[in-house]
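Report on the structure given below.
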Amino acid sequence: MVRLMTLNAIVRKLFKNNIKQYALFISSIIFAVAMIGGYGILQFSPTVTKVLMDGGSTQQITLSMFAFTLIGTFIFVIYAYSLFIRYKSREIGVFISLGIRRNNVCKIVIKELNIIFLTATLLGLLFSILISWLSWTALTLFVKTEETVFSVGWTGIAIAILFSALCMIITRVLISRYIKKIDIIKILKAEEQVENIKGDSFILGLIGIVMIPVGIILCTSSTKLYFLIASLVGLYLLIVQITSIGVLFKKTSPNYYYKNIVFFNLMRSKGKQYILPLFVSTILIGVGIFGVAFSSVPMISGILSTIYVDPYDYMVKLGFQQGSFNESDIKKLAIDNNVKIKDFKEFDTIILGEYLKKYNEWGPINFVSEETVYNLTGKKFDIDPGSYVTIISADENSDSSKYHSQPIGPITLLNPTTKKELTLNNKGIKFIDKIMNSDSMFDRKSFCVMDTALFNKLHNEMKKEYIFKTYIFNTLNWRETGVFSNALFNSIIKFSGGKWCPNYSTGVIFDRIRAQRPNEPVNYEYKEYKETSSEANRDWEFTPYSRYHIINSGIFDFAVYLLLTLYISIIAIVSAIMSIGLKILNTMWQDKSVYKNITFLGVRKTKIKSIISKQVALIYFVPVTLGTIITLFLFKSIMNAEFRAFSNVSFLFACGLSLLVVLIQVGLFFVIRKQAIKECVKFIDV
Numbered sequence: 058m059v060r061l062m063t064l065n066a067i068v069r070k071l072f073k074n075n076i077k078q079y080a081l082f083i084s085s086i087i088f089a090v091a092m093i094g095g096y097g098i099l100q101f102s103p104t105v106t107k108v109l110m111d112g113g114s115t116q117q118i119t120l121s122m123f124a125f126t127l128i129g130t131f132i133f134v135i136y137a138y139s140l141f142i143r144y145k146s147r148e149i150g151v152f153i154s155l156g157i158r159r160n161n162v163c164k165i166v167i168k169e170l171n172i173i174f175l176t177a178t179l180l181g182l183l184f185s186i187l188i189s190w191l192s193w194t195a196l197t198l199f200v201k202t203e204e205t206v207f208s209v210g211w212t213g214i215a216i217a218i219l220f221s222a223l224c225m226i227i228t229r230v231l232i233s234r235y236i237k238k239i240d241i242i243k244i245l246k247a248e249e250q251v252e253n254i255k256g257d258s259f260i261l262g263l264i265g266i267v268m269i270p271v272g273i274i275l276c277t278s279s280t281k282l283y284f285l286i287a288s289l290v291g292l293y294l295l296i297v298q299i300t301s302i303g304v305l306f307k308k309t310s311p312n313y314y315y316k317n318i319v320f321f322n323l324m325r326s327k328g329k330q331y332i333l334p335l336f337v338s339t340i341l342i343g344v345g346i347f348g349v350a351f352s353s354v355p356m357i358s359g360i361l362s363t364i365y366v367d368p369y370d371y372m373v374k375l376g377f378q379q380g381s382f383n384e385s386d387i388k389k390l391a392i393d394n395n396v397k398i399k400d401f402k403e404f405d406t407i408i409l410g411e412y413l414k415k416y417n418e419w420g421p422i423n424f425v426s427e428e429t430v431y432n433l434t435g436k437k438f439d440i441d442p443g444s445y446v447t448i449i450s451a452d453e454n455s456d457s458s459k460y461h462s463q464p465i466g467p468i469t470l471l472n473p474t475t476k477k478e479l480t481l482n483n484k485g486i487k488f489i490d491k492i493m494n495s496d497s498m499f500d501r502k503s504f505c506v507m508d509t510a511l512f513n514k515l516h517n518e519m520k521k522e523y524i525f526k527t528y529i530f531n532t533l534n535w536r537e538t539g540v541f542s543n544a545l546f547n548s549i550i551k552f553s554g555g556k557w558c559p560n561y562s563t564g565v566i567f568d569r570i571r572a573q574r575p576n577e578p579v580n581y582e583y584k585e586y587k588e589t590s591s592e593a594n595r596d597w598e599f600t601p602y603s604r605y606h607i608i609n610s611g612i613f614d615f616a617v618y619l620l621l622t623l624y625i626s627i628i629a630i631v632s633a634i635m636s637i638g639l640k641i642l643n644t645m646w647q648d649k650s651v652y653k654n655i656t657f658l659g660v661r662k663t664k665i666k667s668i669i670s671k672q673v674a675l676i677y678f679v680p681v682t683l684g685t686i687i688t689l690f691l692f693k694s695i696m697n698a699e700f701r702a703f704s705n706v707s708f709l710f711a712c713g714l715s716l717l718v719v720l721i722q723v724g725l726f727f728v729i730r731k732q733a734i735k736e737c738v739k740f741i742d743v
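Heads up: the sequence shown begins at 58 in the numbering used here, then just goes up one per residue.
What follows is the structure, given as structure tokens:
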């Protein structure tokens with residue numbers, strides 16, 4: 058009992074002596090769990106998964122960013138552990154020197170780790186709920202719908218717990234191997250341990266420089282993920298060479314090398330200690346910038362296209378559900394609200410079934426007649442009988458390869474009324490500038506055109522439910538049509554019976570769906586419309602296009618998406634900054650004795666301050682420089698590989714965002730540099 062009390066007293070004493078190390082490690086775990094849990098609560102909240110982000114590319118992007126940040130944050134925690142255990146190695150050495158068996162020492166340390174992880178995880182989870190609630194509250198200050206009631210995504214909580222458990226298991230395994238294998242001398246000298254870099258060949262560095270852009274270009278052009286992995290390998294090879302750059306200066310500029318020999322050798326002697334935080338921080342900064350920049354592209358291109366590209370102020374679509382609502386009702390609403398209409402046009406669209414051979418399934422497809430194209434453009438447009446063309450509203454010199462469409466050749470179509478199949482020859486894509494607005498019923502501002510004779514024949518054969526009419530028009534000043542816009546929307550809701558149909562277009566292939574799934578009921582769905590229903594406002598195909606509404610409310614449509622990507626970006630960038638901060642803190646603690654020793658050689662404090670500044674600058678600016686450059690290159694490559702309106706504006710926004718991150722890093726550099734110098738020139742405690 059006496060020995061046990063004595064051992065406990067030793068443990069408590071050692072804990073007090075290293076309280077800073079414990080606090081740093083615990084705070085790192087709390088931060089990681091809180092950030093991962095907070096994002097997970099939002100990402101997997103029923104509000105987000107079922108209503109605001111119901112699958113598709115939006116959810117895939119945020120999940121991919123979440124996975125990437127999970128990996129980066131995991132590496133951050135393991136790195137924080139490695140620093141913690143490096144300074145705890147002296148405690149381990151004390152226990153072993155007292156004759157305590159290594160297995161018992163291992164149990165003592167693992168018990169500490171268990172307490173640390175359990176405590177930090179609990180605190181992190183509490184903080185994660187608070188952070189997610191505050192984030193959601195901030196969002197609902199701007200966006201209020203019936204679905205935006207905060208609800209906890211328990212899957213996110215589970216992921217945070219599993220994340221912490223994985224970190225705990227890995228650290229237990231690492232500490233067990235560490236204590237069992239290392240000898241007492243290495244343990245006591247662990248803080249001064251030198252880790253020379255293997256593979257520091259400048260040829261590998263040049264290969265890395267080439268691999269980064271080539272991998273990105275191949276990835277964006279082929280959408281193959283392994284090319285992006287090749288770029289990451291190239292980044293790693295480049296960072297390895299940066300930490301051993303002194304060898305290059307020694308060969309090319311010996312005078313400069315010997316003037317800065319202490320700095321170059323300190324940098325090289327740290328070996329892997331530099332590589333991991335620089336590599337991870339570079340990736341995390343890139344993820345942070347890319348997340349916000351890429352999520353802003355739809356908003357930027359959408360709003361700017363609405364202002365400068367879309368040819369009409371309003372587009373009203375009317376199907377069988379809207380009953381007798383027609384042109385006269387629209388014009389009466391305009392008169393009642395003092396809105397003058399001009400350029401008024403109308404056309405009919407029929408919906409057929411389309412067999413997608415690539416996916417072995419059926420889908421809906423819209424067709425208009427060649428006469429409609431003439432009415433919209435004033436130019437004659439001929440389609441060969443038995444064929445069709447896809448019209449896309451875009452510049453005539455646009456690259457058709459950036460648009461996904463059915464292969465050129467015969468395509469099987471279905472008349473939903475007669476149930477007869479017909480074959481038309483797909484003649485490909487034709488671009489006509491400013492012919493159509495972007496709209497849910499005209500995806501990518503596109504529609505298919507067949508010859509007028511066939512169109513009229515099908516139009517006469519088909520039931521009313523498979524035909525809808527479209528009215529398009531401009532106003533004298535769309536910025537002053539807010540009241541009219543609301544009145545038009547409310548009238549359509551009223552004539553629709555206060556309900557909306559989320560699967561209107563799918564009606565043409567109900568028979569084919571029933572054949573594939575005979576036990577499932579397949580019919581039109583009708584939901585009660587509520588003004589605050591974001592699902593209806595987004596997904597209802599008969600929501601009228603209003604330039605006024607899009608400009609004044611468009612940003613809110615992206616609010617949840619932006620919130621999630623901004624949140625994950627903040628996690629990534631803060632994790633990068635903390636990794637950098639931990640590295641600087643560790644470097645300063647390790648190098649204190651070196652700085653003291655070189656004063657005996659006549660090195661003045663001004664020179665020491667210069668060495669410290671260079672080390673801090675390397676740790677701070679390598680990740681932010683590489684992270685921003687590589688991310689901007691990746692972003693530009695993606696913009697070039699796929700069609701995005703106003704992509705140059707989006708790229709400028711990404712550049713501005715990168716500049717902001719750089720400025721933040723510059724500001725932090727001067728703060729950290731000042732503290733590092735202040736800490737390292739005090740040699741009393743060395």
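Cβ coordinates follow ideal geometry from the N, Cα and C atoms, glycine included.
Item checked: Test item: CB-CB of residue 373 and residue 622 under 9 angstroms -> Start at 1 with the first residue of the sequence shown, and residue 373 comes out as number 316. Start at 1 with the first residue of the sequence shown, and residue 622 comes out as number 565. The answer is no: Cβ separation not under 9 angstroms.
Check: Terminal residues of the continuous beta strand (DSSP E) containing residue 421?
Finding: Within the sequence shown, numbered from 1, the residue matching residue 421 stands at position 364. Note, residue 421: beta strand (DSSP E), 418-426.
Next item on the list: Could you spell out where the beta strand (DSSP E) holding residue 90 opens and where it closes?
Entry: Locating residue 90 in the sequence shown gives position 33, where the first residue counts as 1. Here residue 90 belongs to no beta strand (DSSP E); instead the alpha helix (DSSP H) covers 76-100.
Item checked: Segments of 3+ residues assigned as beta strand (DSSP E) that fall wholly inside the region 523-605 -> 524-532
Margin query: Rounded to whole angstroms, what is the Cα-Cα separation between residue 294 and residue 132?
Written below: On the sequence shown, position 237 is the one that residue 294 refers to. On the sequence shown, position 75 is the one that residue 132 refers to. Approximately 18 angstroms, taken between the alpha carbons.
Next item on the list: For residue 695, I'd like the list of residues in its chain whose CB is within less than 8 angstroms of its CB, leaving aside the five on either flank, ordered along the chain.
Entry: Start at 1 with the first residue of the sequence shown, and residue 695 comes out as number 638. The residues are 277, 351.
Notebook entry, point to check: Residue ranges of each beta strand (DSSP E) run of no fewer than 3 residues wholly in the region 329-402, ordered along the chain?
Noted result: 371-375
Check: If you count every other CB in all the chains shown that lies within 10 Å of the CB of residue 210, and 16 or more means buried, which is it?
Finding: In the sequence shown, counting from the first residue as 1, residue 210 sits at position 153. Result: buried.
Next item on the list: Specify the secondary structure class of residue 404 as computed by DSSP and reduced to three states.
Entry: Residue 404 sits at position 347 when you count from the first residue of the sequence shown. Residue 404 falls in the strand class under three-state DSSP.
Checklist line | Delimiting residues of the alpha helix (DSSP H) encompassing residue 230 | finding: Sequence index remark: in the sequence shown, residue 230 carries index 173 (1-based). First-last of the alpha helix (DSSP H) with residue 230: 211-238.
Check: When you compare only the Cα positions, how much space is there between residue 488 and residue 275?
Finding: Position 431 of the sequence shown holds residue 488. Position 218 of the sequence shown holds residue 275. Using only the alpha carbons, I get a separation of about 27 angstroms.
Next item on the list: Under 6 angstroms Cβ to Cβ from residue 212, same chain only, skipping five residues before and after it: list those, please.
Entry: As a working mapping, residue 212 is identified with position 155 in the sequence shown. These residues qualify, in order along the chain: 101.
Next item on the list: Please confirm whether residue 194 and residue 625 have their CB atoms less than 9 angstroms apart.
Entry: Counting from one through the sequence shown, the residue named residue 194 turns up at place 137. Counting from one through the sequence shown, the residue named residue 625 turns up at place 568. Their beta carbons are not under 9 angstroms apart, which means residue 194 does not touch residue 625 by this criterion.
Notebook entry, point to check: So the beta strand (DSSP E) residue 436 belongs to, where does it begin and stop?
Noted result: For the purposes of this step, residue 436 is taken as the residue at position 379 of the sequence shown. Premise fails: residue 436 is in no beta strand (DSSP E) and is neither H nor E.
Margin query: Does the distance between the C-beta of residue 165 and the nearest non-hydrogen atom of the ligand ADP fall short of 8 angstroms?
Written below: The ligand ADP is not part of the structure shown, which contains no ligands of any sort.
Item checked: Other residues of its chain near residue 370: CB distance less than 8 angstroms, five sequence neighbours each side excluded -> Taking the first residue of the sequence shown as position 1, residue 370 is located at position 313. So the list reads 530, 531, 532, 535, 538, 603, 604, 605, once near-sequence residues are dropped.
Next item on the list: Write down the C-beta distance between residue 406 and residue 424 rounded to the nearest angstrom, noting that I regard them as a contact closer than 8 angstroms.
Entry: One-based indexing of the sequence shown puts residue 406 at position 349. One-based indexing of the sequence shown puts residue 424 at position 367. That belief holds up - the Cβ atoms of residue 406 and residue 424 are roughly 7 angstroms apart, short of 8 angstroms.
Next item on the list: Taking only the alpha-carbon atoms, compute the straight-line gap between residue 233 and residue 159 and give it to the nearest angstrom.
Entry: Along the sequence shown, read from residue 1 onward, the residue named residue 233 stands at position 176. Along the sequence shown, read from residue 1 onward, the residue named residue 159 stands at position 102. Distance between the alpha carbons of residue 233 and residue 159: 9 angstroms.
Check: Leaving out five residues before and five after residue 95 in sequence, what residues of the same chain have Cβ atoms less than 6 angstroms from its Cβ?
Finding: Numbered from 1 along the sequence shown, position 38 holds the residue referred to as residue 95. Hits under 6 angstroms: 185, 188, 189.
Next item on the list: Determine which residues share a DSSP beta bridge with residue 503 and list them.
Entry: Walking along the sequence shown from the start, residue 503 turns up at place 446. BP columns for residue 503 point to 449.
Note to self: Quick check: residue 290 and residue 259, are their CB atoms within less than 9 angstroms of each other?
What the structure shows: Residue numbering aside, residue 290 sits at position 233 when the sequence shown is read from its first letter. Residue numbering aside, residue 259 sits at position 202 when the sequence shown is read from its first letter. Their beta carbons are not under 9 angstroms apart, which means residue 290 does not touch residue 259 by this criterion.
Note to self: According to DSSP, is residue 121 part of a helix, a strand, or is it coil?
What the structure shows: In the sequence shown, counting from the first residue as 1, residue 121 sits at position 64. In the structure shown, residue 121 sits in a helix (DSSP, three-state: H, G or I).
Notebook entry, point to check: By Cβ distance below 6 angstroms, which residues in the same chain neighbour residue 509 in space, the five residues on each side in sequence not counted?
Noted result: Mapped onto the sequence shown, residue 509 falls at position 452. Excluding sequence neighbours, residue 509 sits near 426, 427, 428.
Notebook entry, point to check: When the Cβ atoms of the region 679-695 are set against those of the region 334-343, are three or more pairs found closer than 8 angstroms?
Noted result: yes
Next item on the list: Grab me the residues of residue 313's own chain with a C-beta within less than 6 angstroms of its C-beta, minus the 5 sequence neighbours each way, in chain order.
Entry: Start at 1 with the first residue of the sequence shown, and residue 313 comes out as number 256. The residues are 306.
Notebook entry, point to check: Is DSSP giving residue 157 helix, strand or coil here?
Noted result: As a working mapping, residue 157 is identified with position 100 in the sequence shown. Residue 157: coil per DSSP, three-state reduction.
Checklist line | contact_flag[the region 348-364, the region 636-645] where n(CB pairs < 8 angstroms) is 3 or more | finding: no
Next item on the list: Return the first residue and the last residue of the alpha helix (DSSP H) that residue 710 is part of.
Entry: Here the question's residue 710 lines up with position 653 in the sequence shown. Residues 704-737.
Check: Hey, out of 482, 163, 418, 435, whose CA is closest to residue 441's CA?
Finding: In the sequence shown, residue 441 corresponds to position 384, counting from 1. The candidate whose alpha carbon is nearest that of residue 441 is 482.
Notebook entry, point to check: Using the C-alpha atoms, what's the distance from residue 416 back to residue 386?
Noted result: By one-based count along the sequence shown, residue 386 stands at place 329. By one-based count along the sequence shown, residue 416 stands at place 359. Straight-line Cα distance between these residues: approximately 42 angstroms.
Checklist line | Alpha-carbon spacing of residue 658 relative to residue 652, whole angstroms | finding: Here the question's residue 658 lines up with position 601 in the sequence shown. Here the question's residue 652 lines up with position 595 in the sequence shown. C-alpha separation (whole angstroms): 10 angstroms.
Margin query: So, for residue 272: in the same chain, excluding its five sequence neighbours on each side, which residues have a beta-carbon less than 7 angstroms away from its beta-carbon?
Written below: Within the sequence shown, numbered from 1, the residue matching residue 272 stands at position 215. Once the five neighbours on either side are set aside, the close Cβ partners of residue 272 are 284, 285, 287, 288, 291.
Notebook entry, point to check: Measuring CB to CB, does residue 630 end up less than 9 angstroms from residue 718?
Noted result: In the sequence shown, residue 630 corresponds to position 573, counting from 1. In the sequence shown, residue 718 corresponds to position 661, counting from 1. Result yes, Cβ atoms of residue 630 and residue 718 sit closer than 9 angstroms.
Notebook entry, point to check: For residue 334, does the count of other Cβ atoms within 10 angstroms reach 16, so buried, or fall short, so exposed?
Noted result: For the purposes of this step, residue 334 is taken as residue 277 along the sequence shown, with counting starting at 1. When all chains shown are included, residue 334 counts as buried.
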